[in-house]
Amino acid sequence: MNISRTEFANCKTLIKHKEEVEDVEKKMEIEIRRGPWTVEEDMKLISYISLHGEGRWNSLSRSAGLNRTGKSCRLRWLNYLRPDIRRGDISLQEQFIILELHSRWGNRWSKIAQHLPGRTDNEIKNYWRTRVQKHAKLLKCDVNSKQFKDTIKHLWMPRLIERIASTQNVEFIPNHYSPENSSVATATSSTSSSESMASSFYGGDQVAYGTSDPNSGNWFNGGDAFETLWSFDELNKWLLQ
DNA sequence: AACAGTCCCAACCGCGAATGA
DNA sequence: CTCATTCGCGGTTGGGACTGT
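First residue of the first sequence: 1, per the UniProt record's numbering; consecutive thereafter.
Take a look at the structure:
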């Protein structure tokens, strides 16, 4: 077994630390709060961060007077309380981006989330697990199988493009569009490939639409469940071809 | 109305990596 | 170099909401 010195040291530290924490918690009967956050806790966290900023979560938790772990505070802030969190249904465009980026990077939720302003990795992960995996289950195929990936690439994504093109004007193309990325113009017509559409939306590997205002009526809005894009029978027929 | 089954999401957990003393 | 602490990621789960019978 190959293990680096650092890894070995980390293992030892982890075990020792865990034992110590458990020991102290037992002895002192410290009541670390778990479960759903109360309004008061939220207010404490928000007001503390607005005054002192985020980071150093363990000490932040103590200083803010919260009987929570630093981890719990961080999660609550990042996934729920942050002011730039975008709520509501995942739009068609966002669905498209998730499908496209997942096909490239797999379960790299945080990386995918970087390309969806206001969406958290947790939200995207939940979306994938509840919606996309549900379809794979219905079709009785593995979500990582080539068959299912092909379904996404050749059926779902083109359908999404059609729907997006039919519901959006050219004016609603992403605001990072530039003349050198002229594929966008054709991408919004029904004959484009999903690849060119994808690159037009999120600018390849760069975060290209970070300036989109989540609250304005831009191309991000107008969510629509992708279940409405096709029927289950239709999907099944395609799979059996 | 009552119950059972399913869906969905907030929150937790374990782990590895990074950072600082 | 070692040890302690913190951060961030991906996987999992508990329970409320919703839907069907």
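The beta-carbon is built from N, C-alpha and C at its ideal position, and this holds for glycine as well.
Quantities reported herein were computed from a predicted structural model and do not represent experimental measurements.
Starting from residue i, trace the alpha helix (DSSP H) both ways and give me its first and last residue.
{"i": "residue 126", "result": "121-127"}
{"i": "residue 147", "result": "146-151"}
{"i": "residue 136", "result": "133-138"}
{"i": "residue 70", "result": "70-76"}
{"i": "residue 107", "result": "First-last for residue 107: undefined, no H or E at that position."}
{"i": "residue 42", "result": "39-52"}
{"i": "residue 116", "result": "That residue, residue 116, is in no alpha helix (DSSP H); it is neither H nor E in DSSP."}
{"i": "residue 57", "result": "57-63"}
Quick one: Cα of residue i to Cα of residue j, how far?
{"i": "residue 57", "j": "residue 115", "result": "25 Å"}
{"i": "residue 216", "j": "residue 59", "result": "Caution is warranted here: a pLDDT of 35 is assigned to residue 216, below 50, making its placement in the model unreliable, and the coordinate value is therefore given only provisionally. Approximately 37 Å, taken between the alpha carbons."}
{"i": "residue 27", "j": "residue 120", "result": "Low per-residue confidence applies at residue 27: pLDDT is 46, beneath 50, and the placement is therefore not dependable, though the value from the model is reported in the following sentence. Computed Cα separation, rounded: 37 Å."}
{"i": "residue 103", "j": "residue 89", "result": "21 Å"}
{"i": "residue 68", "j": "residue 53", "result": "18 Å"}
{"i": "residue 242", "j": "residue 131", "result": "The requested residue 242 is not part of the displayed model; the chain covers only 1 to 241."}
{"i": "residue 149", "j": "residue 39", "result": "42 Å"}
{"i": "residue 66", "j": "residue 44", "result": "8 Å"}
{"i": "residue 140", "j": "residue 147", "result": "11 Å"}
{"i": "residue 55", "j": "residue 151", "result": "42 Å"}
{"i": "residue 186", "j": "residue 112", "result": "With a pLDDT of 32 at residue 186, under the threshold of 50, the modelled position of this residue cannot be trusted; read the value that follows with caution. Near 25 Å, if we compare the C-alpha coordinates of residue 112 and residue 186."}
{"i": "residue 62", "j": "residue 36", "result": "18 Å"}
{"i": "residue 129", "j": "residue 47", "result": "34 Å"}
{"i": "residue 94", "j": "residue 74", "result": "25 Å"}
{"i": "residue 49", "j": "residue 107", "result": "30 Å"}
{"i": "residue 42", "j": "residue 72", "result": "12 Å"}
Relative to the C-alpha of residue i, which candidate in the options has its C-alpha closest?
{"i": "residue 70", "options": "32, 151 and 112", "result": "32"}
{"i": "residue 118", "options": "147, 82, 63 and 51", "result": "82"}
{"i": "residue 105", "options": "166, 61, 144 and 64", "result": "144"}
{"i": "residue 127", "options": "87, 166 and 34", "result": "87"}
Are residue i and residue j closer than 8 Å when you measure CB to CB?
{"i": "residue 124", "j": "residue 109", "result": "yes"}
{"i": "residue 92", "j": "residue 164", "result": "yes"}
*Would you be able to state if there are at least three C-beta pairs under 8 Å between the stretch 134-152 and the stretch 72-89?*
Taking 8 Å as the limit for Cβ pairs, the verdict is that the stretch 134-152 does not touch the stretch 72-89.
*Counting Cβ pairs closer than 8 Å, one from the stretch 153-160 and one from the stretch 89-109, do we hit at least three?*
Yes: at least three Cβ pairs fall under 8 Å.
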